[in-house]
Amino acid sequence: RIVHGTSYEKSGSLPAKTVVDVYEIKGEWYRILYNGAFHWANGDYLRYMPADMEAIGTAVCTAKVRMNLRKGPGTSYDKAGTLPAKAVVPVYEIQGIWHRIYYNDQYCWASGDYLAVTLYEEEPVTTPTPITTPTPTPVITPTPTPTPTPVITPTPTITPEPTITPEPTITPEPTITPEPTPSEEEPIGEAICTAKSAMNLRKGPGTSYEKTGSLPGSTFVYLYEISGNWYRIKYDGSFHWASGDYLNVTLYKNIENNPNIGDVIALGLTTTSLNIRSGPGTSYESLGTVIEGSLIEIYQENAAGYWHLINFDGTAAYISGRYVETIKKPVIMANAKTNALTSMYRGKGTNFDLIGTIKKGAEVAIIDLDASNGWYLALCSGRYGYVSASALSIESYTDNVTIHLNRSAATITVKDSIQLIANCKDGESVTWTTSKSSVATVSSSGKVTAKAAGTAVITAKTSSGYTDTCTITVNSGTLRPYDSITVKGNVYDLYEPLGEAEEAAIEAYIQTLNENNLRDRLVLTALRFAGYPYGSADCSQVSRYVYATENVSLPRVSDDQAEALASYEIDISKIRPGDLVFFKNYEDAKCSCGSKCSRYRSIHHVAVYIGEIDGKGYFLEASSVVGKSVIRQWDGTNDHSEMLIEMAISRF
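Just so you know, we're using our numbering here: the sequence shown kicks off at 3 and counts up by one.
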């Protein structure tokens, strides 16, 4: 914008990932310099970095799914968020194995155990440049001599030559000639310059070629060709060659070269992070992992037991159907074209796996018309995935556009809610009704709230008369509110109840907990199970419910939970309230499968750590022996409840 505010005239646009200097800040608006002119840009679309910090390198997150970030250089510091796998971040400081990085608008610390770090080197650019510059300058000194050309002032008399001004009209033609050729060429990848100040650009793929300019550090560019360790890039409207030594390169996967390997009969979304296996079982090799919310293309549901046959990067593979929510068979709702080179991802965000890149002008079928989160579920070249809504222009709607709900069935607990989304044509209004309001109610926006155990059918109807339904099953299990947590009679040491002194200490501890603090809230939610019958909630159901209240979806059983959370493992001595602890049988014990099995398969129990009270630690755990969930005292050793502590997890 010309001035800071959306009401002011637009002065141009800033491409994604462009690095610019900031000269002034007014509220959420930043005054930037771009293409030789000053503009105002909205801070909602900028990642601002103060100028007083200078990056010393870059790092890529090598964790399987994501890694914890801390407020200081060590695990004793509070958590500052998480960094997704493969994320690239600037590095500003190093202390031991800890690296100070900038991510999500804040400086934080990341362990070098999960980073691939590239430190900047001093650029040889500056040295050659001054040497080259002085030599030509003397050559330019003769130009003062041509200044007598004004003597040829008679030429001005030949001012009629301006009549040949039609020739300037022809001048745009040369500009057009070179331009179309590069613009038609599709990039094969992208890169960020990792040089500290700048790197040299060349006319060809090697240092023997003439220098054509320099690329500033942290600049984002597209790649068009590769020759050895040299990349042909486009910068400032021209093509150059750049050495791969100073580039962080990401090559695109063209979606046309990554086709499906069969007929997709259904699509699913993972409810937690999962392994993809070469066969239908955990004993088969893991081909990779997908994070929670990843889209799965299913060829055969329950192909072997509860294992689905799926496509994984062009390979037939298997995924546990227990943790995949199947959505309806894909139906094409609209036809669109890409208005720019874009990418298709396995989920709603660039942190998900890249399926492939799609050329500008490619035809894309839209499966889900809801783009409220900025992403369309789409089909292109036989592959299903998510494409940024801003990169697609809808050209027509299909006859299938009646109404389609985002799910056909759901199971929730009394007092819980879920949001249903209706896909229909623009301009259609939707009314919602429930078959049994005593079981579940539905709002005018499609929010369903569970009232009592039973089944209700939610119907969505468009103004054109089209309908679709979702069957809601409500579980009877309800938990007491925080203010009625029952401590008395529920405090144990192994299988023996403890006395009034311990109960009083725990009750006093509960009074210090604050619902606005995340860890305190986890503890309070866990304590609501105290005295709850084991038949209504076993150990993994308790941990699953507690973490679900903070939007973390866990698998159903404890061994799968341990495997899904393995990247968050901590030393047991660093355990904090709200963390999970997983247990296994003694070494000579055998798994229910009849023989000893892998680490995660040997885990048979999970508990929520409540905290240290009067020098003793306490867990909330569902005990099959006692027959209910109890607050159990822990002496701090690995030997507990006739089981051994195998691992501790700090997810937050």
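Even glycine gets a Cβ: it sits at the ideal position worked out from N, Cα and C.
Since this is a predicted model, take the numbers as computed values, not measurements.
- Secondary structure remark: continuous beta strand (DSSP E) runs of at least 3 residues inside the region 492–557, in chain order: 493–495.
- A direct Cα-to-Cα measurement between L253 and T291 gives close to 21 Å.
- Boundaries of the alpha helix (DSSP H) harbouring D562: 560–566, taken from the DSSP string.
- Between L622 and I612 a beta carbon distance of about 6 Å is seen, short of the 8 Å cut, so the two are scored as contacting.
- Segment contact: the region 197–213 against the region 20–32, fewer than three CB-CB distances shorter than 8 Å; contact not assigned.
- Assignment of beta-bridge partners to T328 by DSSP yields G270.
- Contact between Y226 and L249 is ruled out by a C-beta separation of about 13 Å, above the 8 Å threshold.
- Contact annotation, L48 with W111: C-beta distance approximately 23 Å; criterion of less than 8 Å not satisfied.
- Residue environment analysis places D247 among the exposed positions, since fewer than 16 neighbouring C-beta atoms fall within 10 angstroms of its C-beta.
- Every beta strand (DSSP E) stretch that sits fully inside the region 366–450 and reaches 3 residues is listed by chain position as 377–382, 385–390, 394–399, 411–415, 419–421, 432–436, 442–444.
- Rounded to whole angstroms, the gap between the alpha carbons of N341 and C382 is 14 Å.
- Taking 9 Å as the cut-off, the beta carbon of T473 is found no closer than this to the beta carbon of A424.
- Of all alpha-carbon atoms in A364, I405, T400, the one lying nearest the alpha-carbon of L394 is that of A364.
- One alpha carbon belongs to E287, the other to A318, and they sit about 13 Å apart.
- Assignment of beta-bridge partners to D470 by DSSP yields A462.
- Taken through DSSP and simplified to helix, strand or coil, D616 comes out as coil.
- P218 sits exposed, since fewer than 16 C-beta atoms from the chains shown fall within 10 Å of its C-beta.
- For V627, the CB contacts under 7 Å within the same chain, skipping 5 residues up- and downstream, are Y497 in chain order.
- For G283, the secondary structure class from DSSP, reduced to helix, strand or coil, is coil.
- Looking at the DSSP output, A624 bridges to S631.
- Exclusion of the five residues before and after T436 leaves A442, T443, V444, A458, I460 as the residues of its chain whose Cβ lies within less than 7 Å of its Cβ.
- Beta-carbon to beta-carbon, I312 and A268 are separated by about 10 Å, too far to satisfy the 8 Å threshold.
- Contact between A452 and Y399 is absent: CB atoms are separated by about 34 Å, not below the 8 Å threshold.
- Counting only runs of 4+ residues, the alpha helix (DSSP H) found wholly inside the region 181–214 occupies 182–186, in chain order.
- With 16 or more other Cβ atoms inside 10 Å of its own Cβ, S652 counts as buried.
- For F40, the pairing in a beta bridge is given by DSSP as L35.
- When the beta-carbon positions are compared, S275 and I293 come within less than 9 Å of each other.
- Taking every protein chain shown into account, the CB of T344 has 16 or more other CB atoms within 10 angstroms, so this residue is buried.
- A straight-line Cα-Cα distance of about 13 Å links F585 and A624.
- The C-beta separation of G629 from V610 comes to about 19 Å, leaving the pair out of contact by the 8 Å criterion.
- Counting C-beta pairs with one atom in each stretch, the region 72–82 and the region 37–47 have fewer than three that are closer than 8 Å, which means they do not touch.
- The alpha-carbon separation between A550 and H310 amounts to approximately 25 Å.
- When the beta-carbon positions are compared, I633 and V450 stay at least 9 Å from each other.
- Proximity to M69 across Y105, Y116, I58 peaks at Y116, based on C-alpha coordinates.
- In this structure, S631 lies near Y536, with their beta-carbon atoms less than 9 Å apart.
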